[in-house]
Structures are given as C-alpha cells and as structure tokens.
Amino acid sequence: MPLDIRQFPCLSDNYGYLIRDCETGAVAAIDTPDAGAVNAMLAREGWRLTHILNTHWHLDHAGGNLALKARWGCRIIGPMGEAEKIPGIDEAVGEGDVVALGASTARVIDTPGHTRGHIVYHFAGDGAAFVGDTIFALGCGRLFEGTPAEMWGSLSKIAALAPETRLYCAHEYTAANARFAVTVEPGNTALQRRVDDVNARRARGEWTVPSPLAETLATNPFLRADEE
Numbered sequence: 001m002p003l004d005i006r007q008f009p010c011l012s013d014n015y016g017y018l019i020r021d022c023e024t025g026a027v028a029a030i031d032t033p034d035a036g037a038v039n040a041m042l043a044r045e046g047w048r049l050t051h052i053l054n055t056h057w058h059l060d061h062a063g064g065n066l067a068l069k070a071r072w073g074c075r076i077i078g079p080m081g082e083a084e085k086i087p088g089i090d091e092a093v094g095e096g097d098v099v100a101l102g103a104s105t106a107r108v109i110d111t112p113g114h115t116r117g118h119i120v121y122h123f124a125g126d127g128a129a130f131v132g133d134t135i136f137a138l139g140c141g142r143l144f145e146g147t148p149a150e151m152w153g154s155l156s157k158i159a160a161l162a163p164e165t166r167l168y169c170a171h172e173y174t175a176a177n178a179r180f181a182v183t184v185e186p187g188n189t190a191l192q193r194r195v196d197d198v199n200a201r202r203a204r205g206e207w208t209v210p211s212p213l214a215e216t217l218a219t220n221p222f223l224r225a226d227e228e
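Under my numbering, the sequence shown has 29 at position 29, and the numbering climbs by one with no breaks.
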C-alpha cells in the first residue's frame, strides 16, 4: 500500500512533511522544522507520530526533535555522519541502510555537501525521495561543510534515480532559483517553460514542490553542469 504524504509550510520558507504507512498506520516526520506545526498537522489528520527521519542537523530541520519526542515517544533516526548533532537520536544510518516505516521502506543515500553527513530517504516503492537541503527545485543547497566535489557526487546519486521519482525538498526557494537558472541557460526552452509555470504558481500562492526528477534533469542547472 502507498504512503500517505502530507506537506505543510512552516517557519519562513520551510516545508514540513508527515508520511503515513497505510498498512500499519506508522507515521514519520521528515525533519522537524517546527514542532508546533507538526503537532497541528498530526491533530488535523488524527495521526500519532511514531518516527522522526532527520536529513541533517541544522536547527530548521532538527529543532523540533526533543519536543516531539517528549510528546509522542517517537523513534528518531538520523545521519551517521553527524549523529552527535541530532537531538534525541536513537538510530544512526548511512549509505545503503534500509529504514522501515511500518510496511514501507526507504533506502538511505549519503549526500554530503550542504553538511558533511546529510542523507536522503528514498522510498522507491512510492516514487518519492525526501532530499532535505541537498537539492531544491531549480537549485541546490549551499556548501556549508562539504566540498564542490562532494556535492557533485551527491547530486549525481539523485540524478541516477528513476526519472519519475518525486523530489520533496525542504524549502520554497524556486522563484529565486529560477531567476539564477535562466542566466545560466538562457536558451533552455524547457527551463523557460518551468520558470513561467513557477511564476504563475507563486502568483496564485501555490507550492512548487515536489518536483519530478525528469523535469529537474531538464531544467536544474546544478544537475546539468556536465551538459555541453
């Protein structure tokens, strides 16, 4: 059975995600930017939080861990490469590990660059990848701790996923990213169509996330750096 995914805005430009395994009712928060917003969505849906899956240690991704763990007694899973920075962590995971949420499973992908230990959770059976701050719609995360070579390796791993994969990133940066992207590839007609769509959506107050990987490969300059 598929995952039930709930997306909601919080803080200034973050997205929070709750995912529910439909077979067992297990529920995970993908990062915890705002414990209050997570609890509000749980209450709206009538769900009980069983897991937190952290992508990296930054406050706008793990800042709600302890409050949510105190409220729900949930299990916190996070990146092995920065486990000491993840509040309340119970289990550290890395490349190739499998994380179970009820009957649903995610493969962990190490994606250093934005931070040294950043990871992605890839639910292949549902065609969903929760990519944190590694890649954004039409952009990628800043290199706070990793190197350009590490980030390119991480982006290449994401690019190798099935093209129908939906990329759930953690911020609504798309309009700003679009303004930069068109300066890099002004002749990319697919990019221009994407930019027009983004601007129209934002004008209507709509979200631009998630992004299909196929579209991302055609329009995101950070995945197209090896194109002629």
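All residues carry an ideal CB built from backbone N, CA and C; glycine is no exception.
Please check the pair ASN177 and PHE144, which I expect to be a contact at CB under 8 Å, by giving their CB distance rounded to whole angstroms. Residue mapping note: residue 177 aligns to position 177 of the sequence shown, counting from 1. Residue mapping note: residue 144 aligns to position 144 of the sequence shown, counting from 1. Actually they are not in contact, since the Cβ atoms of ASN177 and PHE144 sit about 17 Å apart, beyond 8 Å.
Mind listing, in chain order, the continuous beta strand (DSSP E) runs of no fewer than 3 residues lying wholly within the region 124-182? 128-132 and 166-169
Should ALA106 go down as buried or exposed, given a rule of 16 or more other Cβ atoms within 10 Å for buried? For the purposes of this step, residue 106 is taken as the residue at position 106 of the sequence shown. It counts as buried.
Going by DSSP in three states, ASP226 sits in which element: helix, strand or coil? As a first step, residue 226 must be located in the sequence shown, where it is residue number 226. The answer is coil: DSSP assigns ASP226 none of H, G, I, E or B.
Tell me the residue span of the alpha helix (DSSP H) that contains THR216. What you label residue 216 is simply residue 216 of the sequence shown in a count that begins at 1. Segment 213-219, the alpha helix (DSSP H) holding THR216.
Quick one: grab the DSSP three-state call for ARG44. Sequence index remark: in the sequence shown, residue 44 carries index 44 (1-based). Looking at ARG44 - three-state DSSP - the assignment turns out to be helix.
Taking 8 Å as the threshold, find out whether the region 8-25 comes into contact with the region 82-99 through three or more Cβ pairs. no
Can you tell me which of the three DSSP states ASN188 falls into? The residue you call residue 188 lines up with position 188 of the sequence shown. Three-state DSSP puts ASN188 in coil, outside helix and strand.
With respect to the beta strand (DSSP E) encompassing ASP60, which residues constitute its N-terminal and C-terminal limits? As a working mapping, residue 60 is identified with position 60 in the sequence shown. Per DSSP, ASP60 belongs to no beta strand (DSSP E); it is in the alpha helix (DSSP H), 59-62.
State the Cα-Cα distance for the pair ALA83 and GLY187, rounded to the nearest angstrom. Reading the sequence shown from its first residue, position 83 is the one you call residue 83. Reading the sequence shown from its first residue, position 187 is the one you call residue 187. C-alpha separation (whole angstroms): 43 Å.
Sequence-distant residues of the same chain with beta carbon closer than 7 Å to VAL184, five excluded per side: As a position in the sequence shown, residue 184 is number 184, starting the count at 1. Around VAL184: PRO221.
Range covered by the alpha helix (DSSP H) that runs through ALA67: Walking along the sequence shown from the start, residue 67 turns up at place 67. Looking at the DSSP string, the run of the alpha helix (DSSP H) that includes ALA67 is 65-72.
Between TYR121 and ALA200, what straight-line distance do the alpha-carbon atoms span, to the nearest angstrom? Residue numbering aside, residue 121 sits at position 121 when the sequence shown is read from its first letter. Residue numbering aside, residue 200 sits at position 200 when the sequence shown is read from its first letter. Going by the C-alpha atoms only, they are around 30 Å apart.
I'd like to know whether the C-beta atoms of PHE130 and THR55 end up nearer to each other than 9 Å. Translated into positions along the sequence shown, residue 130 becomes position 130. Translated into positions along the sequence shown, residue 55 becomes position 55. Contact flag set, yes.
From the DSSP output, in three-state form, read off GLY117 for me. Translated into positions along the sequence shown, residue 117 becomes position 117. Correct three-state label for GLY117: coil.
Compute the distance between the beta-carbons of GLU164 and LEU213, then report whether it is under 9 Å. For the purposes of this step, residue 164 is identified with residue 164 of the sequence shown, where counting begins at 1. For the purposes of this step, residue 213 is identified with residue 213 of the sequence shown, where counting begins at 1. For GLU164 and LEU213, yes; Cβs fall inside 9 Å.
If we ignore side chains and look at the alpha-carbon of each, how far apart do LEU66 and THR189 end up? In the sequence shown, the residue the question calls residue 66 occupies position 66. In the sequence shown, the residue the question calls residue 189 occupies position 189. Rounded to whole angstroms, LEU66 to THR189 spans 46 Å at the Cα level.
Return yes when the Cβ of ILE119 is within less than 9 Å of the Cβ of GLY153, no when it is not. If you number the sequence shown from 1, residue 153 lands on position 153. If you number the sequence shown from 1, residue 119 lands on position 119. Not in contact: GLY153 and ILE119 (Cβ atoms no closer than 9 Å).
State the Cα-Cα distance for the pair ALA43 and ALA128, rounded to the nearest angstrom. For this step, residue 43 is matched to residue 43 along the sequence shown. For this step, residue 128 is matched to residue 128 along the sequence shown. Taking the straight line joining both Cα atoms gives about 24 Å.
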